[in-house]
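A.B. asks: Before I ask anything, here is the structure I am working with.
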Amino acid sequence: MDAPVWKGSGAGLRHAIIGAGMSGILAAIKLLERGDRNFTVFEKGSDLGGTWRDNRYPGLTCDTPSHAYSYSFAPNPEWSSYYAAGPEIHAYFRKVATERGVLPFIRYGSEVNACRFDEDAGTWRLSLADGGEAEADVVYAATGVLHHPKMPELSGLDTFAGKAFHSARWDDGAVLDGARIGIVGCGSTGIQLVNALSDRAARLVHFQRSPQWIMPVPQFDYTAEQKAAFARDPTLIDAVRHDKDYWAAIYRFTDGVADAESPEAAEIEDICRQNLETSVRDPELREKLRPNYRAACKRLIYSWEYYECVQRPAVLVETGGIAQVEPAGVRMVDGTLHGLDVLVLATGFQADRFIRPATVSGRGGRLLDDFWAVRPTAHYAVSLPGFPNLFMLNGPTGPVGNFPLIDIAEMQWDYLEQLLEPVRAGRAKWVEPRQEAFEAYEARRIEAAKKTVFGSGCTSWYLDATGIPSTWPWSYQAFVDAMKAPVPDEYRYA
Ligand code: NA7
Numbered sequence: 019m020d021a022p023v024w025k026g027s028g029a030g031l032r033h034a035i036i037g038a039g040m041s042g043i044l045a046a047i048k049l050l051e052r053g054d055r056n057f058t059v060f061e062k063g064s065d066l067g068g069t070w071r072d073n074r075y076p077g078l079t080c081d082t083p084s085h086a087y088s089y090s091f092a093p094n095p096e097w098s099s100y101y102a103a104g105p106e107i108h109a110y111f112r113k114v115a116t117e118r119g120v121l122p123f124i125r126y127g128s129e130v131n132a133c134r135f136d137e138d139a140g141t142w143r144l145s146l147a148d149g150g151e152a153e154a155d156v157v158y159a160a161t162g163v164l165h166h167p168k169m170p171e172l173s174g175l176d177t178f179a180g181k182a183f184h185s186a187r188w189d190d191g192a193v194l195d196g197a198r199i200g201i202v203g204c205g206s207t208g209i210q211l212v213n214a215l216s217d218r219a220a221r222l223v224h225f226q227r228s229p230q231w232i233m234p235v236p237q238f239d240y241t242a243e244q245k246a247a248f249a250r251d252p253t254l255i256d257a258v259r260h261d262k263d264y265w266a267a268i269y270r271f272t273d274g275v276a277d278a279e280s281p282e283a284a285e286i287e288d289i290c291r292q293n294l295e296t297s298v299r300d301p302e303l304r305e306k307l308r309p310n311y312r313a314a315c316k317r318l319i320y321s322w323e324y325y326e327c328v329q330r331p332a333v334l335v336e337t338g339g340i341a342q343v344e345p346a347g348v349r350m351v352d353g354t355l356h357g358l359d360v361l362v363l364a365t366g367f368q369a370d371r372f373i374r375p376a377t378v379s380g381r382g383g384r385l386l387d388d389f390w391a392v393r394p395t396a397h398y399a400v401s402l403p404g405f406p407n408l409f410m411l412n413g414p415t416g417p418v419g420n421f422p423l424i425d426i427a428e429m430q431w432d433y434l435e436q437l438l439e440p441v442r443a444g445r446a447k448w449v450e451p452r453q454e455a456f457e458a459y460e461a462r463r464i465e466a467a468k469k470t471v472f473g474s475g476c477t478s479w480y481l482d483a484t485g486i487p488s489t490w491p492w493s494y495q496a497f498v499d500a501m502k503a504p505v506p507d508e509y510r511y512a
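Written out as structure tokens, the structure is:
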């Protein structure tokens with residue numbers, strides 16, 4: 019039997035949300051809040067949660083404080099600690115989605131393969147991997163940024179006799195306690211893995227191609243009394259969520275990131291350098307761990323424990339080049355063989371995918387792959403000229419950094435609501451940014467991006483294929499201001 023065609027039902031616009039992660043759940047809740055029930059969340063997996071579903075590695079922690087990494091409308095008095103672990107965050111999204119009535123709208127196992135704009139009808143036609151089809155007036159791509167694992171090119175990887183896997187495809191069969199474990203990669207994932215496994219492994223070899231700057235942060239558990247107080251008095255949660263010192267640091271941080279030569283950028287580096295000098299006792303190890311690029315050029319690691327964990331007796335930081343993987347372990351260029359039982363590839367993600375590999379074609383058959391031939395980008399990170407009523411939450415060139423992406427998605431949603439108002443009211447069928455407005459915006463963005471710390475001379479997933487940061491290049495406040503209201507002249511309604 020052919021898979022069914024979802025055409026929407028009931029009154030009003032038909033909405034398609036792609037992805038049931040943090041942003042997709044947000045979109046669904048916001049639609050329900052306005053009484054819109056004519057939508058489906060297409061989720062390719064068999065569970066919701068996005069990045070918090072895919073990543074299950076030991077030590078997984080969000081680097082934004084738990085009370086700040088919560089929807090503004092769904093505070094959670096039960097957070098167990100200042101920085102929450104992955105499973106707890108996944109459970110939070112499940113709970114909120116359940117309580118807000120989102121679950122019946124999620125269609126699991128429904129990967130969107132293609133989205134085609136039908137100009138005559140003014141609608142999007144979606145093709146699903148299961149053979150199904152769908153029509154929608156508005157499409158929200160809430161497909162995440164760091165979603166497709168990036169595998170390293172290591173010769174001999176398939177000959178390894180132990181278990182080798184990417185950090186986002188955790189193998190539950192891997193025995194960790196008392197094992198000889200290798201970890202490739204020093205991003206947030208590799209560092210958190212070292213923290214979690216340094217006292218479980220018999221031997222832990224951390225293969226470090228580039229060391230990281232570490233920002234020291236506090237971590238503590240909330241007591242039962244504190245949680246009860248949060249439940250009784252939500253203003254106490256607000257006090258943590260909107261803590262002025264935390265936000266002052268975020269604003270200082272984003273000011274610093276926006277201008278590599280600013281005093282704020284120097285301040286970030288001073289704090290990290292001081293952390294390195296005072297925390298790592300062995301001078302040889304200290305030099306191994308000293309980055310040769312600006313702090314915050316790569317995404318800064320927030321950790322209260324890395325330097326302590328990396329100094330544990332079982333841990334070896336290996337800075338040599340990897341020659342190949344062999345059945346017994348990893349052979350270095352200098353001939354050393356590190357015998358291993360488990361090899362974890364914490365080597366990051368293909369950060370330029372977004373809605374892809376879905377094929378997206380807009381007005382006049384314009385292909386998203388062509389539009390993004392040089393770099394994935396979008397007008398104010400949410401919309402694309404030639405792709406009417408197609409929007410992205412946490413899409414390309416949006417703000418990234420050590421602050422809550424939930425807030426970013428919420429601000430983007432409020433912006434989109436305003437953009438869509440004439441469409442909702444029936445005064446227009448669709449909206450898209452004007453090509454010339456987008457080009458002017460993008461030119462400004464690129465010029466500003468070159469001046470950011472991200473572009474100060476290191477490699478990272480923030481950079482596009484030409485080496486230019488693929489991020490919001492201005493301050494956090496500038497983003498807040500930009501999202502308050504779209505500039506009407508920059509958009510075209512039809
Ligand atoms: P990241 O931050 O992209 O880090 C990937 C790490 O893997 C980084 O240290 C890379 O070194 C290293 N890497 C990648 N390929 C190789 C090869 N072939 N050999 C050795 N080392 C390699 O990914 P994460 O998963 O840690 O974090 C992603 C985000 O999740 C993070 O920013 C937070 O937003 C949460 P390099 O620096 O390129 O020398």
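Position 391 of the sequence shown, counted from 1, bears residue number 409 in our numbering, the numbering being contiguous throughout. Just so you know, even glycine gets a beta-carbon here, dropped at the ideal spot from N, CA and C.
1) Under three-state DSSP, which class holds W142?
2) Bridge partners for Q520 per DSSP, in chain order?
3) Classify S297 as helix, strand or coil using the three-state DSSP reduction.
4) Straight-line CA distance for K502 to G416?
5) For D20, collect the residues of the same chain with a Cβ closer than 6 Å to its Cβ; drop the 5 residues on either side in sequence, then sort them by chain order.
6) Look at V120 and I36 and say whether their C-beta atoms are less than 7 Å apart.
7) Any heavy atom of the ligand NA7 inside 6 Å of the beta-carbon of A514?
8) With which residues is F405 paired in a DSSP beta bridge?
9) Just to check, is the beta-carbon of C204 closer than 6 Å to a non-hydrogen atom of the ligand NA7?
10) Under a Cβ-count criterion, where at least 16 other Cβ atoms within 10 Å of its own Cβ denotes burial, should D387 be classed as buried or exposed?
11) Just how far apart, CA to CA, sit V157 and R221?
12) By a C-beta neighbour count over all protein chains shown, 10 Å radius and 16 as the cutoff for buried, is A276 buried or exposed?
13) What is the DSSP secondary structure of R71, reduced to helix, strand or coil?
14) Relative to the ligand NA7, is the shortest distance from any of its heavy atoms to the C-beta of S297 smaller than 6 Å?
15) For A369, which of helix, strand or coil comes out of DSSP?
16) Grab the span of the alpha helix (DSSP H) containing Y325 for me, first residue to last.
17) Name, in chain order, the residues that DSSP records as bridge partners for H224.
18) On the three-pair Cβ rule with 8 Å, is the stretch 295-315 touching the stretch 338-356?
19) Taking only the alpha-carbon atoms, compute the straight-line gap between A160 and D72 and give it to the nearest angstrom.
20) Here's the rule I'm using: 16 or more other beta-carbon atoms within 10 Å means buried, otherwise exposed. How should E428 be labelled?
21) For F456, count neighbouring C-beta atoms within 10 Å of its own C-beta (all shown protein chains included) and say buried if the count is 16 or more, exposed if not.
22) What do you get for A266, buried or exposed, if any count of 16 or more other CB atoms within 10 angstroms of its CB means buried?
23) What does the Cβ neighbour count give for G485, buried or exposed, with the cut at 16 atoms within 10 Å?
24) Once the 5 residues before and after N213 are set aside, which same chain residues still bring their CB inside 8 Å of it?
25) Considering only residues of the same chain and omitting the five flanking positions on each side of P422, which have a CB-CB separation below 7 Å?
26) Would you mind stating whether G30 and N56 have Cβ atoms separated by less than 7 Å?
27) Throw me the rounded Cβ distance for the A332 and A219 pair, which I believe falls under 8 Å.
C.D. replies: Judging by the given coordinates:
1) strand
2) Outside the displayed range of the chain (19 to 512) lies residue 520, so it cannot be described from this structure.
3) DSSP places S297 in helix when its eight states are reduced to three.
4) 15 Å
5) Low local confidence applies: a pLDDT of 47 at D20 is under 50, so the model's placement there is unreliable, and no value is given.
6) no
7) With the chain running from 19 to 512 in the structure shown, residue 514 is simply not present.
8) L402
9) Yes.
10) With fewer than 16 other Cβ atoms from the protein chains shown falling within 10 Å of its own Cβ, D387 counts as exposed.
11) If you take the alpha carbons of V157 and R221, they lie about 49 Å apart.
12) buried
13) helix
14) no
15) Three-state result, A369: coil.
16) Per DSSP, the unbroken alpha helix (DSSP H) holding Y325 starts and ends at Y324 to V328.
17) According to DSSP, which records beta bridges pairwise, H224 is partnered with I201 and V335.
18) no
19) Take the alpha-carbon of A160 and the one of D72: they are about 15 Å apart.
20) buried
21) buried
22) exposed
23) exposed
24) G77, S321, E323, Y324 and C327, listed in sequence order.
25) T82, A86 and Y87
26) yes
27) 5 Å
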